[in-house]
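Below you'll find the structure, written out as structure tokens, and then a few comments.
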Amino acid sequence: MRRLILLATRYLKAVTGSYYAANEKITRPSISISSTTRCRGRLISLSHLFLTLLILRDGNVELVYSDQAVCFNRFSGSFSLKSYTHLLSANMLKLLPFLLLPVTQTVQAAMSIAVSTNQATNPASYAIDGNSSTFWHSEYSPVLVPLPHVIYLDTGSSQLLDGFTYLPRQDGNPNGNIGSYSLAVSADNKTWTTVAASTFKDDASLKSVGFNNTQARYFRLNATSEAGNRGNWTSAAEFGFSLAPSAAGELGDWGPVISMPLVPVAGFVEYSTGNIWTFAAYSPISFQAGLHGYTISAVYNPTTGSVSSANISNTHHDMFCPGISLLFDGRAIVTGGDTADKTSIYTSSANTWVTGPAMQIPRGYQSTATTSTGKVFNIGGSWSGGHGGKNGEIYDPASNTWSLLPGCPVAPMLTADAQGAFRTDNHAWLFSWKNGSVFQAGPSKAMNWYGTTGTGSQVAAGLRNSDTDSMCGNAVMYDAVNGKIFTAGGSTSYQNSEATNNVHLITIGTPHVAPTVQTLTSMTYKRAFANGVVLPDGKVIVTGGQPYAVPFTDTNAVLTPELWDPATQTFTILPPHTIPRTYHSMALLMLDGRVFTGGGGLCGSCATNHADAQIYSPAYLFNTNGTLANRPVISSATSTVAVGGTVTIQTDSEVTTFSMTRYGSATHTVNTDQRRIPLKPVTTNGNTYTFTIPADPGIALPGYWMFWAINSAGVPSVASTIKITL
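Remember, our numbering sits 53 above the position in the sequence shown when you count from 1.
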């Protein structure tokens, strides 16, 4: 059978129109297409939509015809099959992800190039000729011109840009593949703004660099190393760029990069202010286990946009690589890490840190979870404080003590990490549930139930279907009422390990009974070291990560987030963030419905330290034309409610859906505090709505929650803070 296949970019969500094929035969040699959504030319220079018509002939792909159509907010066009008019069968037209096939059309007539060095037989013009079989090369004969090498691209006119593409040479020879680089843009060829600095992976795949929408005409690419350290060379088959979309209404938008006085490795949202409290280690840019008794921290104020810094020294605790949990009363409890036996407790309303009791077992890279009883479960953590035997223990806020739980062994949740005990018990995916139980969803492929009452208990909960160990993957409870947990990515070992793009849906119910596990459609990108955040509407955004896990590097960093929709169980590709967010990055949901993401690195003088953050504004904050949407306002709301009690809110306009998300904490891909509860009003009187909070504290985990009112257009209010008590 022969089939027509249409190749388009991933930003084209749907194709509609006429595919003229009657009686299994092509009777008219043309095809008409139109988009139902705005498309974007990510990785395709000049925001062109590159269309290629192919025939799948007995499994072999044959090029029939190709053309280009400028990608506007809406587009349509007819494309002739030209000389190829005798297709016997064309009963299926398929939209393929563009990465399945090479893209070579990355040239515009007005585009020009200049370079700091040029081999006579491989001129710079070869890098913008639209031919992937030719390539530019820096001079190596008769004189070898050493690195760095600089490439200047003139796009021909000032345009709103948001991306740059680099296709390495395609002849099978890797010499000159760009490694470390910096990229700057300019509107006038005089004032330059650096928009990216990172490292390309040493292979022949198409590379993309995304950045904030910037009005510019010129690019300056500074190649500072050869990816394989084979010599002082630089080469390129094609350079290209992409135009920013005209609106953020469908995909959301990233704000400017926020400079911070540290690498924000960990953090939590303060319930009393909505500020983001972040911290690094004893140093703002590096760590050193066990030698320092203080922590450098910084607080981002979303209202003013200001960042303040502080040195937390009174608890004598270096809180790098800790466990973090938020207690019923809103205090943040931070355990272990560089100072492996310490506990520090922060009170938001008083803005004070105090020393808590020492843990029974010193730990680093452990996970903690506030349970439905108000106590905090703690397990794993062999990064510091000795290797192995990091069985469970429990913190009781009432007595301010830690107690061992001999019935909660760590052994059942160990991964088969290549580095052994040092890594096998790191970063457990813990979810507090009913009757003081805790469900461990990963990262080991084996799942477990832990009981935290008495001396503790453990019951095996089966496997995540065929999933592998998924260290530094993500797990998010997006619907606590129905016990729904989304899991994605991770790698079999902590480092030097291929990540997966695996996605699963775990549904938990009765404690200590094996859950239901569904294997879902995979993410577009393989990711380890990514972060997952549940939004007010129940969708989950996954940001950052790497397809091959190597701590303290940005090699082949995934700049493009993905948004998972539980209603369709599908992903939407989102605009890229500017800075790589890999190992030691974090992300948190803010009170205004935006997503704070930052960090990466913490490796001293390395080039991959990212002492900054960036905020993503989801599409629900915009009208379809990209202007900011009018948001419903919660004018009054119940401030405190017991589990099973009622909440009444009043809004300034009609709203249709409601939800709550618990305030979050995050470090090293783990956020055991965040969870979401969808709500339906039990009574409605005009714009006054009354709700019943779930009666089980394992679902409505006591503490501080963000309450959202969402209108019929999907626009959420700024959250009101509600405290749930036992």
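Glycine included, each C-beta is placed from N, C-alpha and C at the ideal position.
Owing to the predicted nature of the structure, the values given are computational and were not obtained by experimental measurement.
Unbroken stretches of the beta strand (DSSP E), 3 residues or longer, contained in the region 279-348: Taken in chain order, the unbroken stretches of beta strand (DSSP E) that lie wholly in the region 279-348 and span 3 residues or more are 291-296, 319-322 and 329-332.
Assuming N554 and Y531 form a contact by the criterion Cβ under 8 angstroms, report the distance between their Cβ atoms to the nearest whole angstrom. Indexing the sequence shown from 1 puts residue 554 at position 501. Indexing the sequence shown from 1 puts residue 531 at position 478. Between N554 and Y531, the beta carbon gap of about 18 angstroms keeps them out of contact (Cβ cut-off 8 angstroms).
Which residue spans inside the region 654-685 form an unbroken beta strand (DSSP E) run of at least 3? If we require 3 residues or more, the beta strand (DSSP E) runs fully inside the region 654-685 come out as 665-670.
Report, in whole angstroms, the separation of the C-beta atoms of S350 and I365, which I expect to be a contact under 8 angstroms. Here residue 350 corresponds to residue number 297 of the sequence shown, with the count starting at 1. Here residue 365 corresponds to residue number 312 of the sequence shown, with the count starting at 1. The pair is a contact, with the Cβ atoms about 6 angstroms apart (cut-off 8 angstroms).
Closest by CA to Q472, which one among F492, W436 and M500? By one-based count along the sequence shown, residue 472 stands at place 419. Nearest C-alpha to Q472: W436.
What number of angstroms, rounded off, separates the C-alpha of V262 from the C-alpha of F217? The count along the sequence shown starts at 1 and reaches residue 262 at position 209. The count along the sequence shown starts at 1 and reaches residue 217 at position 164. So the alpha carbons of these two residues sit roughly 5 angstroms apart.
Would the region 686-698 and the region 343-359 be scored as touching if the rule is three or more Cβ pairs under 8 angstroms? no
If you compare alpha carbons, which of A766, G383, H557 and S575 is closest to P755? To locate residue 755, count along the sequence shown from 1; it is residue 702. Of A766, G383, H557 and S575, the residue nearest in Cα terms is G383.
Can you give me the Cβ contacts of I668 inside the same chain, cut-off strictly under 6 angstroms, excluding the 5 residues immediately before and after it? If you number the sequence shown from 1, residue 668 lands on position 615. Correct list, in chain order: G308, R647 and F649.
With 16 other CB atoms within 10 Å as the buried threshold, where does G183 fall? The residue given as residue 183 occupies position 130 in the sequence shown. Burial call: exposed.
May I ask you to check if the CB of Q511 is nearer than 7 angstroms to at least one heavy atom of the ligand SAH? As for the ligand SAH, it is missing from this structure, which has no ligand bound.
Counting along the chain, where does the beta strand (DSSP E) carrying T608 start and finish? Start at 1 with the first residue of the sequence shown, and residue 608 comes out as number 555. Run containing T608: none; DSSP gives neither H nor E here.
Close Cβ partners of E615 (< 8 angstroms) along its chain, the five nearest in sequence each way excluded: To locate residue 615, count along the sequence shown from 1; it is residue 562. Cβ within range, chain order: M576, T577, Y578, I594, V595, F624, T625, I626 and L627.
Where DSSP assigns a beta bridge to Q703, which residues make up the other side? Numbered from its first residue, the sequence shown carries residue 703 at position 650. Its beta-bridge partners are S689 and T741.
Could you check if L779 is buried or exposed, using at least 16 other CB atoms within 10 Å of its CB as the buried criterion? Along the sequence shown, read from residue 1 onward, the residue named residue 779 stands at position 726. In summary, L779 is exposed, with fewer than 16 beta-carbon neighbours lying within 10 Å of its beta-carbon over all protein chains present.
Work out the CA separation of T714 and D470 for me, nearest whole Å. In the sequence shown, the residue the question calls residue 470 occupies position 417. In the sequence shown, the residue the question calls residue 714 occupies position 661. Our two residues, D470 and T714, have alpha carbons roughly 33 angstroms apart in a direct line.
Where does M466 fall in DSSP's three states? Taking the first residue of the sequence shown as 1, we reach residue 466 at position 413. Note: M466 maps to helix in three-state DSSP.
Spatial neighbours of A567 within its chain, please: CB distance less than 7 angstroms, with the 5 preceding and 5 following residues excluded, ordered by chain position. Looking up residue 567 in the sequence shown gives position 514. Within the same chain, and ignoring the five residues on either side of A567 in sequence, the residues whose Cβ sits closer than 7 angstroms to its Cβ are A514 and G515.
Do you know whose CA, among W286, G698 and L274, lies nearest V196's CA? Residue 196 sits at position 143 when you count from the first residue of the sequence shown. Ranking W286, G698 and L274 by Cα distance to V196 puts W286 first.
Compute the Euclidean distance between the alpha carbons of D522 and K498, then round it to the nearest angstrom. Within the sequence shown, the letter at position 469 stands for residue 522. Within the sequence shown, the letter at position 445 stands for residue 498. Distance from the CA of D522 to the CA of K498, rounded to the nearest whole angstrom, comes to 5 angstroms.
Can you look up S85 in the DSSP assignment and give me helix, strand or coil? Position 32 of the sequence shown, counted from the start, is the residue given in the question as residue 85. Note on S85: pLDDT 35, under 50, position unreliable in the model; no value is reported.
So, for S546: in the same chain, excluding its five sequence neighbours on each side, which residues have a beta-carbon less than 6 angstroms away from its beta-carbon? Within the sequence shown, numbered from 1, the residue matching residue 546 stands at position 493. Around S546: D470 and A471.
Going by DSSP in three states, I166 sits in which element: helix, strand or coil? The sequence position of residue 166 within the sequence shown is 113, counting from 1. Note: I166 maps to strand in three-state DSSP.
Just list the residues that DSSP pairs E651 with in beta bridges. Your numbering for residue 651 matches position 598 in the sequence shown. Per the sequence shown, the amino acid found at residue 651 is Gly instead of Glu. Looking at the DSSP assignment, G651 forms a beta bridge with M639 and A666.
How is A541 classed by DSSP in three states: helix, strand or coil? The residue you call residue 541 lines up with position 488 of the sequence shown. Here A541 carries a strand assignment [DSSP, helix/strand/coil].
Quick one: measure Cβ to Cβ for G597 and P317, integer angstroms, because I've assumed they're closer than 8 angstroms. As a working note, residue 597 is residue 544 in the sequence shown. As a working note, residue 317 is residue 264 in the sequence shown. About 13 angstroms; that fails the 8 angstroms criterion.
Figure out for me which residue from P734, N738, R729 and I752 has the closest Cα to the Cα of V696. If you number the sequence shown from 1, residue 696 lands on position 643. The shortest C-alpha separation from V696 is found at I752.
Around the C-beta of A67, are 16 or more other C-beta atoms found within 10 angstroms, so that it is buried, or is it exposed? Taking the first residue of the sequence shown as position 1, residue 67 is located at position 14. With a pLDDT of only 29 at A67, under 50, the local geometry of the prediction cannot be trusted, and no value is derived from it.
Candidates V322, N328, F675 and T392: closest to H345 by CA position: Start at 1 with the first residue of the sequence shown, and residue 345 comes out as number 292. Among V322, N328, F675 and T392, the Cα nearest to that of H345 is on T392.
Consult DSSP for N488 and reduce its assignment to one of helix, strand or coil. In the sequence shown, the residue the question calls residue 488 occupies position 435. In the structure shown, N488 sits in a helix (DSSP, three-state: H, G or I).
Looking at C-beta atoms only, is the number of pairs between the region 324-343 and the region 401-417 that lie closer than 8 angstroms three or more? yes
Looking at the secondary structure, which residues open and close the beta strand (DSSP E) in which R476 lies? As a working note, residue 476 is residue 423 in the sequence shown. Premise fails: R476 lies in the alpha helix (DSSP H), A474 to T477, not in any beta strand (DSSP E).
Since T381 is in the beta strand (DSSP E), which residue starts that stretch and which ends it? Against the sequence shown, residue 381 aligns to sequence position 328. At residue 381 the sequence reads Phe, which differs from the Thr that was named. Note, F381: premise wrong, no beta strand (DSSP E); not H, not E.
Going straight from the alpha carbon of T506 to that of E279, what length do you get? Taking the first residue of the sequence shown as position 1, residue 506 is located at position 453. Taking the first residue of the sequence shown as position 1, residue 279 is located at position 226. If I take the Cα positions, the gap works out to 57 angstroms.
Which listed residue (V491, S485, S490 and G439) has its alpha carbon closest to that of R476: As a first step, residue 476 is located in the sequence shown; it is residue number 423 there, counting from the start. Measuring from the Cα of R476, the nearest candidate turns out to be G439.
With H, G and I counted as helix, E and B as strand and the rest as coil, what does DSSP make of S362? Position 309 of the sequence shown, counting from 1, holds the residue named residue 362. Residue state, collapsed to three classes: strand.
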